Ligand code: MV4
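Numbering (the numbering used here), first residue to last: 5 to 455.
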């Protein structure tokens with residue numbers, strides 16, 4: 005196994021990776037910005053190096069400096085976590101050129117799946133169902149018009165370089181196409197430096213179902229079931245669960261096999277997530293693939309018992325997957341709430357500052373992944389997520405009861421958090437019955453039910 009790796013991230017995911025390494029006897033090197041001098045990832049790693057000032061583009065996104073630190077500390081590999089450089093194919097390529105193992109897929113796979121219309125093409129070539137629409141990017145408005153007529157309105161225009169909903173437009177009728185097409189093009193150019201767009205049919209009130217996959221360098225690929233991430237606000241996930249509500253063993257098998265087909269077609273290696281839209285007819289369609297460990301990976305860990313970060317390290321080292329598809333079974337139910345330092349009463353505006361009192365819930369089946377502690381000051385420069393509360397129960401209703409109890413117990417004072425908002429969400433009838441679609445959070449004023 006690796007003797008030493010560099011963790012190119014901060015926050016809870018840096019701690020998550022450091023823990024996996026230490027359990028495996030791997031030494032760790034943390035990198036931190038001037039704003040993270042008091043951070044736990046700096047303290048808990050075996051070595052830590054300051055890589056620059058607070059702004060991420062001068063620290064956590066500075067490829068040259070991070071590579072230099074890896075060289076100087078004799079780190080054999082770099083784990084990028086999520087966000088920052090995790091899906092940067094240039095960074096993965098530089099690691100490859102420097103003989104530092106990038107803990108993730110090869111750079112050309114990151115590029116391929118990062119271009120969303122190319123990812124769809126790849127998934128389709130492998131035999132996974134995709135949302136009907138343009139084959140690749142549309143090069144002119146006229147081409148877009150022809151495809152929209154063929155598939156029928158309403159349609160979605162999406163940015164090829166996007167993902168996660170950025171640069172997306174819903175077009176209900178042809179009269180709106182020209183304006184929204186130009187609109188989306190401008191936004192895609194500004195946000196990604198790439199104006200390319202693709203078009204697909206609108207799936208009405210879908211659920212966001214994603215499948216965790218693991219693939220080794222020898223062509224073996226398995227899936228670890230699905231996560232339901234339909235609970236989103238402005239394309240930010242708030243709560244994730246596994247298994248998906250109402251996903252039968254039969255659908256799980258089909259969607260899992262589709263995910264493996266997409267991953268194999270991409271020549272995928274390491275941990276990845278295949279995202280699907282799941283409609284109320286029971287149809288599912290490949291949407292995109294995330295080539296990183298995701299924020300919500302713990303719900304899959306809790307129901308499968310597989311440590312995904314350890315699997316990532318073993319795969320990156322060149323080991324063959326020991327797990328086979330038949331070894332994977334899901335039992336119980338896990339739900340994760342993302343706790344953000346944001347003010348739900350001020351349109352979820354960031355609320356950085358000092359945590360002057362902190363109480364973290366505990367108990368059987370309770371997991372809190374966090375980097376914060378009492379007295380910690382949340383810097384204003386980075387993501388506002390400060391903790392993930394993951395509950396595990398024998399079934400969904402037991403998990404909801406635990407979640408309810410934990411959210412009551414959880415105390416973070418000094419800053420505003422999304423804890424009160426989560427208390428509200430999990431008390432709604434729609435959440436409790438699992439009958440929520442994607443427009444659920446817009447209707448959050450309905451009557452509360454006691455469970
Ligand atoms: C869609 C869609 C309906 N039809 N694509 C893409 C990124 C993700 N954050 C939301 N995306 C969607 N893509 C087609 N062809 C609806 C959404 C969508 C959504 C999907 C699942 C769960 C929540 C959602 C919230 C808003 C939009």
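Ideal Cβ placement from N, Cα and C applies to all residues, glycine included.
Note that the coordinates shown come from a computational prediction; the quantities given were computed from them, not determined experimentally.
- Non-local C-beta neighbours of residue 364 in its own chain, meaning closer than 8 Å and more than five positions away in sequence, comprise 372, 374, 391 and 414, ordered along the chain.
- Residue 259: member of the alpha helix (DSSP H) spanning 253-269, first to last residue.
- In the three-state scheme derived from DSSP, where H, G and I count as helix and E and B as strand, residue 361 is classed as strand.
- Between residue 423 and residue 343 a beta carbon distance of about 6 Å is seen, short of the 8 Å cut, so the two are scored as contacting.
- When DSSP states are grouped into helix, strand and coil, residue 385 belongs to the coil group.
- Taking a C-beta distance under 8 Å as the contact criterion, residue 161 and residue 283 do not qualify as a contact pair.
- Taken through DSSP and simplified to helix, strand or coil, residue 193 comes out as helix.
- Taking the Cβ of residue 296 as the reference point, every heavy atom of the ligand MV4 lies at 7 Å or farther away.
- Fewer than three pairs of CB atoms, one per stretch, sit closer than 8 Å, so the region 130-145 makes no contact with the region 294-312.
- Closest in alpha carbon position to residue 109, among 316, 51 and 37, is 316.
- In this structure, the CA atom of residue 195 is about 17 Å from the CA atom of residue 115.
- The continuous alpha helix (DSSP H) containing residue 404 extends over residues 400-413.
- Unbroken beta strand (DSSP E) runs of no fewer than 3 residues, entirely contained in the region 16-46, are found at 31-37, following chain order.
- Its chain contains 24, 27 and 28 as the residues whose beta carbon lies nearer than 8 Å to that of residue 314, once the 5 sequence neighbours on both sides are disregarded; these appear in chain order.
- Distance from the CA of residue 169 to the CA of residue 276, rounded to the nearest whole angstrom, comes to 19 Å.
- For residue 95, the enclosing alpha helix (DSSP H) starts and ends at 93-101.
- In chain order, 268 place their CB closer than 8 Å to the CB of residue 223, counting only its own chain and leaving out the 5 sequence neighbours on each side.
- Within 10 angstroms of the beta-carbon of residue 239 lie fewer than 16 other beta-carbons, which makes it exposed.
- Taking 7 Å as the cut-off, the C-beta of residue 205 counts as close to a heavy atom of the ligand MV4.
- Separation of the CB atoms of residue 297 and residue 86 is rounded to 6 Å, and the pair is thereby assigned contact status at 8 Å.
- Unbroken alpha helix (DSSP H) stretches of 4 residues or longer found wholly inside the region 270-341: 301-308 and 312-321, given in chain order.
- The nearest non-hydrogen atom of the ligand MV4 is less than 7 Å from the C-beta of residue 234.
- The region 393-411 and the region 344-355 do not touch, with fewer than three beta-carbon pairs separated by less than 8 Å.
- Residue environment analysis places residue 5 among the exposed positions, since fewer than 16 neighbouring C-beta atoms fall within 10 angstroms of its C-beta.
- Under a 10 Å Cβ-count criterion, residue 126 is classified as buried, with 16 or more other Cβ atoms of the shown protein chains found around its own Cβ.
- In terms of Cβ geometry, residue 111 and residue 9 do not form a close pair [threshold 8 Å].
- Spatial neighbours of residue 250 in its own chain (CB-CB distance under 8 Å, excluding positions within 5 residues in sequence) are listed in chain order as 438.
- As summarised for the region 197-247, the continuous beta strand (DSSP E) elements at least 3 residues long and confined to that stretch are 201-205, 211-219, 225-237 and 240-246, given in chain order.
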